[in-house]
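Here's the structure we're looking at; comments come further down.
In the numbering used here, the protein residues as written are 1 to 336.
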């Protein structure tokens, strides 16, 4: 399926990955409806920061993914649905697990019900590498056992299984994309890479971090967005779960050192207890097997491996250290 000219709904379009995906689909000639979280200021998250040329091409719909009627109305007439709306902050899921069930599972049900009613041609459901828990073996394939080590991860496992059940039960054309740790411009400073960059950018050489030994497979946002689009375009992805990752594993501590090198700063790391997960909840290792994405539709990371990761970090550092962007963040404050 070529997405040019197709009517597309993106839930969570106002977020980090959603805003990048929205921009790219508009550039590719799709007719995009952006479903954004309603607020009294009538703001649209990161979509407020994109060029007017692109923003004027977007149909904006404000609402709440938990509102089945609003979701159904937004989806009417759409060919393809990219479902990204979710609560994603792991620390906050310890504080408010019920809200994760309502948003991530009930919200997904609303999308699936509407897609079934309107007979959408594609539903791309967003998963997360957190559903695997700490890797039992690497690289992690899609059939690796699932383990919800946080309420967030558990809610995403539930949402993933619900999406796949609609494919099995009703032949709803669902594909599940499972991105590993996406990073890049616009990411929340709650995430580790922006947390490191923003602390260094304000002149701190001593930075506060949590656990340093866990490893992650960091995926640059441009690669993640290409993954979303290629999953949607591929007939072979329907009914499947597909990992999107960089094929490269690196520890949090080594990531901080690499960022320091790029920014020309000698980094000293201080342990901050507020940034640690509960011991049994910490996911100690994530490293993607991406062979299925390569086999099904030829996706490969353009920012893969150590060299690609460094290039992605350099682009990310340039964006965050632009003063117009940096001032959008609450520097020196840890937010869950």
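A virtual CB, placed ideally from N, CA and C, is assigned to each residue, including glycine.
Start and end residues, alpha helix (DSSP H) containing residue i
i	result
residue 145	Counting along the chain, residue 145 falls outside any alpha helix (DSSP H), and DSSP gives it neither H nor E.
residue 388	Any property of residue 388 remains undetermined from this structure, which presents the chain solely from 1 to 336.
residue 53	52 to 55
residue 325	323 to 326
residue 1	Premise fails: residue 1 is in no alpha helix (DSSP H) and is neither H nor E.
residue 92	90 to 95
residue 69	68 to 75
residue 116	107 to 118
residue 308	305 to 320
residue 301	It is not in any alpha helix (DSSP H) - residue 301 carries neither H nor E in the DSSP assignment.
residue 199	192 to 201
Sequence-distant residues of the same chain with beta carbon closer than 6 Å to residue i, five excluded per side
i	result
residue 160	127 and 176
residue 123	81, 115 and 174
residue 90	150 and 152
residue 247	290 and 304
residue 132	140 and 144
residue 20	221 and 225
residue 30	3, 6 and 8
residue 238	173 and 175
Alpha carbon of residue i to alpha carbon of residue j, nearest angstrom
i	j	result
residue 256	residue 99	32 Å
residue 212	residue 267	13 Å
residue 38	residue 55	17 Å
residue 196	residue 207	7 Å
residue 73	residue 225	26 Å
residue 186	residue 168	36 Å
residue 214	residue 269	15 Å
residue 203	residue 328	17 Å
residue 33	residue 57	9 Å
residue 10	residue 75	9 Å
residue 244	residue 109	23 Å
residue 336	residue 49	23 Å
residue 178	residue 60	26 Å
residue 12	residue 292	26 Å
residue 53	residue 184	22 Å
residue 113	residue 3	22 Å
residue 323	residue 15	21 Å
residue 229	residue 299	10 Å
residue 68	residue 306	43 Å
residue 273	residue 125	34 Å
residue 308	residue 47	27 Å
Residues sharing a beta bridge with residue i, DSSP
i	result
residue 181	218
residue 63	37
residue 250	216
First through last residue of the beta strand (DSSP E) which encompasses residue i
i	result
residue 122	122 to 126
residue 270	268 to 271
residue 244	241 to 244
residue 206	206 to 209
Neighbourhood of residue i by C-beta, 7 Å cutoff - its chain only, sequence neighbours within 5 removed
i	result
residue 201	320, 321 and 326
residue 265	200 and 205
residue 287	135, 138, 139, 140, 215, 217 and 249
residue 331	198 and 202
residue 105	155, 158, 159 and 162
residue 182	17, 219, 221 and 224
Where residue i falls: helix, strand or coil (DSSP)
i	result
residue 276	coil
residue 44	coil
residue 11	strand
residue 174	strand
residue 285	strand
residue 83	strand
residue 32	strand
residue 295	helix
residue 27	helix
residue 138	coil
residue 331	coil
residue 18	helix
residue 187	coil
residue 231	helix
residue 133	coil
residue 225	helix
residue 336	coil
Residues near residue i in its chain [Cβ-Cβ closer than 8 Å; skip 5 each side]
i	result
residue 42	62
residue 314	262
residue 310	258 and 262
Cβ-heavy atom distance, residue i to the ligand ADP, below 7 Å
i	result
residue 233	This structure simply doesn't include the ligand ADP, nor any ligand for that matter.
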